[in-house]
Amino acid sequence: MPEPLSGTGAGPDGASGTLAPDPAGTWHRVHPVSPFVRGWIALAAIAYFFGRDWFEGFFRGEPVWAVADGRLGWTAAALGVVLVLLVGGYVLSWWFTRYQITGDHVRVNSGILFRQHRQARLDRVQAIDIVQPLLARIFALAELKFEVADAGESAVRLAYLPLADAQRLRAAILAHAAGIRLDPAKPEEAPEAPEQQVLAVPGGRVAGAALLSGTTVFLVLAVAAAAVLAWLADTPAAMAVLLPTLFGTAAGYWGFFSTAYNFRAAISPDGIRLRYGLLETRAQTVPPGRVQAVSVSQPPLWRAKGWYRMRVNVAGYGAGGENAAARTTLLPVGTRQDVMQILALVLPDPGTPDPLAVFGAGLAGSGSGAGFRTSPRRARWLSPLSFRRNGYAATGTALLARSGALWRELAVVPHERTQSIALHQGPLARRLGLADLRLHTTVGPVDPRVRQLDTAAARLLFDEQAARAAAARRIAVPERWLEQRPGSGPATDTGPAIAVNDAQDEKDEQLEQDHGRG
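In terms of this note's numbering, the sequence shown has 146 at position 8, counting the first letter as 1, and numbering is strictly consecutive.
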């Protein structure tokens, strides 16, 4: 019999239990080292507090007893009490943290004085990550993080599990969420879905992208401002105002490099797999069809190299929270060919017979070529540089909205992911007869917006996009994307993989032909 939710009895350890959806509702515990991996910073702070005088005296050449000055016994006793309380808290935290994986839910109980119960539906899993901080990698542990549509920043987290168990559990949950029927006698033997690597970002490109980012522009402007200030004040000491700026830019460079390093993207039947990280590694899996919107942007300094960045809205990720910028990045830096490959994964059916021309015009084009409709000429009073580029194009499966002249951006929203539409018109735009159309998806870094259309054209697009979204939702795939659908054959484990690989092979062939023509 499964234990009750509020029970505190000992359940089987995670290492010996069945790490898979279990109809019996068995409770498991995380690895015993988990509290120490999470709370190592507290141990480091205690070591610094109690050992600061000793370390300083040691480097000055003074003996330990001279530094202690008769307080060695009291210091050791206080340190012992603090360590006992801390370790005791860690042990109790581990003891009262348990998780349960049934055929429909993942449940996590935690807390000593203030109990917390978290629950996530397996069929609502939007993405699942395997995270390994540096200390967890030393112990071969990993954190499993579930993002669901209704979880927001409080997603369900299992920290920490042995890496092999976390990988098996991820495979089993994704198989169940996809609708694959597992063997009830051996639910833990869910096979790891095969994958095909699509691209890998070289480390040199990541370093170059960091140096050519907006952080460098900010640094150059800050240095120029400090130099002018030092010249006006006639004192070199005024350059000291640069110190906070230097620390900030160094942190910006490191943050981008450490998260984008060793970035790899692959496709598998259970979704798009992303792996990246230098010290803390992360393996993300975004199931098919869970991407709500994509943006492709190009900072000015990247234009000479032909590099782009891709961000994504996924239900459950949100716009803030821990590592939000890294988790919502679909491609940190890549060429146009890389962008086309990732877009082929997100949108296997582009809905147009010439996707290279349409999406290429969205990335770098201007004017009304490739089916794009742009702002009228009077929009130059509001956007003198970008009015020729601002515009949209609708394919059979998605709406493309492009904007920006210096900072180019292309937003792609599948029709079935459009949750609502709104028209915006400020006082100046109203006087000029212009309006913006905004597409609402889930919360995230992508804000799809068609800018500065003629008012009549914006209203027409409003009606057309509403009709396209409604029609697309009627034929959208189910939440469990491998389940049998009416009028289709039985679901198999290999069919979707073959379809995805065939589509990818066709896209690669088109890219190679285009590259040869170029």
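Cβ atoms here follow ideal geometry from the backbone N, Cα and C, with glycine treated the same way.
- Task: In angstroms with no decimal places, state the Cα-to-Cα distance between residue 381 and residue 373.
- Result: 16 Å
**Message:** My parser needs the alpha helix (DSSP H) runs of 4 or more residues fully inside the region 240 to 279; what are they?
**Reply:** 272 to 276
**Study point:** Own chain, CB closer than 7 Å to residue 277, minus 5 neighbours either side, in chain order
**Key:** Counting only Cβ-Cβ distances below 7 Å, and skipping sequence neighbours, we find 171 and 175.
Practice task
Spatial neighbours of residue 565 within its chain, please: CB distance less than 8 Å, with the 5 preceding and 5 following residues excluded, ordered by chain position.
Solution key: none
- Query: Using the C-alpha atoms, what's the distance from residue 601 back to residue 594?
  - Reply: Distance between residue 594 and residue 601, taken at the CA atoms: about 11 Å.
- Where does residue 333 sit, in a helix, a strand or coil, going by DSSP? coil
What does a CB cutoff of less than 8 Å around residue 417 pick up in its chain, not counting 5 residues either side in sequence?
271, 272 and 396
**Study point:** Buried versus exposed, by CB contacts within 10 Å (16 or more), residue 407
**Key:** buried
Which residues bound the alpha helix (DSSP H) around residue 547?
-> Secondary structure note for residue 547: it is in no alpha helix (DSSP H), and the uninterrupted beta strand (DSSP E) holding it is 546 to 552.
- Query: Can you give, in chain order, each stretch of the beta strand (DSSP E) that sits fully within the region 379 to 453 and has at least 3 residues?
  - Reply: 402 to 406, 409 to 414, 419 to 424, 429 to 436 and 446 to 452
request  = Could you round the C-beta distance between residue 577 and residue 551 to whole angstroms and report it? I think they count as a contact, below 8 Å.
outcome  = For a cut-off of 8 Å, the C-beta gap from residue 577 to residue 551 is around 5 Å, short enough to register as a contact.
Let me confirm a value: residue 302 is counted as buried when at least 16 other C-beta atoms fall within 10 Å, else exposed. Which label applies? exposed
Handout entry: Test item: CB-CB of residue 247 and residue 262 under 8 Å
Key = no
- Buried or exposed: where does residue 385 fall if 16 or more other Cβ atoms within 10 Å of its Cβ makes it buried? exposed
Just the Cα atoms here: how many angstroms apart are residue 448 and residue 230? Looking at the two C-alpha atoms, the distance is approximately 43 Å.
Exercise for the section: Report whether the distance from the Cβ of residue 507 to the nearest heavy atom of the ligand GDP is below 7 Å. Expected result: Within the structure as shown, the ligand GDP is missing, as the structure has no ligands at all.
Exposure of residue 401, with buried meaning 16 or more beta-carbon neighbours within 10 Å = buried
| said: Short of 6 Å in beta carbon distance, which residues of its chain neighbour residue 571, apart from the five on each side in sequence? Order them along the chain. | reply: 593
From what residue to what residue does the alpha helix (DSSP H) around residue 588 run? Where residue 588 is concerned, there is no enclosing alpha helix (DSSP H), although the beta strand (DSSP E) it sits in stretches over 587 to 592.
Practice prompt. Assign residue 369 to one of two classes, buried (16 or more other C-beta atoms within 10 Å of its C-beta) or exposed (fewer than that).
Written response: Counting Cβ neighbours within 10 Å, residue 369 comes out exposed, since fewer than 16 surround it.
Practice problem: Have a look at the DSSP bridge pairing and note the partners of residue 529. | Solution: 512 and 540
From what residue to what residue does the beta strand (DSSP E) around residue 574 run? Here the beta strand (DSSP E) through residue 574 covers 572 to 578.
Which one of 240, 220 and 183 has the shortest CA to CA distance from residue 99? Absent from the model: residue 99. The displayed extent of the chain is 139 to 656, so no value can be given.
Check your understanding: Is the CB-CB distance between residue 414 and residue 399 below 8 Å?
Key -> Pairing residue 414 with residue 399 gives a Cβ-Cβ distance under 8 Å.
| From this set, 168, 526 and 477, which residue's C-alpha is nearest residue 338's C-alpha? | Among 168, 526 and 477, the Cα nearest to that of residue 338 is on 477.
ask   = How would you call residue 557, buried or exposed, if buried means at least 16 neighbouring beta carbons within 10 angstroms?
value = Residue environment for residue 557: exposed (fewer than 16 other C-beta atoms within 10 angstroms of its C-beta).
Check: Since residue 433 contacts residue 251 with CB under 8 Å, what's their CB separation in whole angstroms?
Finding: No, residue 433 and residue 251 are not in contact; Cβ-Cβ is about 44 Å, not under 8 Å.
* To do: Might you give, ordered along the chain, the residues of its own chain that have their beta carbon closer than 7 Å to the beta carbon of residue 562, omitting 5 neighbours on each side?
  => 573, 574 and 576
Could you check the C-alpha separation between residue 555 and residue 222 for me, to the nearest Å? 53 Å
Nearest by alpha-carbon distance to residue 330: which of 347, 342, 312 and 336 is it?
Checked all of 347, 342, 312 and 336; the closest Cα to residue 330 is 312.
Using 8 Å as the threshold, is the C-beta distance between residue 590 and residue 513 below it? yes
**Report entry** Nearest candidate by alpha-carbon position, reference residue 178, set 499, 224 and 362
**Finding:** 224
*Do you know how far the Cα of residue 356 is from the Cα of residue 345?*
17 Å
Test item: CB-CB of residue 496 and residue 531 under 8 Å = yes
Check your understanding: Between the Cα of residue 579 and the Cα atoms of 588, 409, 269 and 453, which residue gives the shortest distance?
Key -> 453
CB contact flag (residue 473, residue 444, <8 Å) = yes
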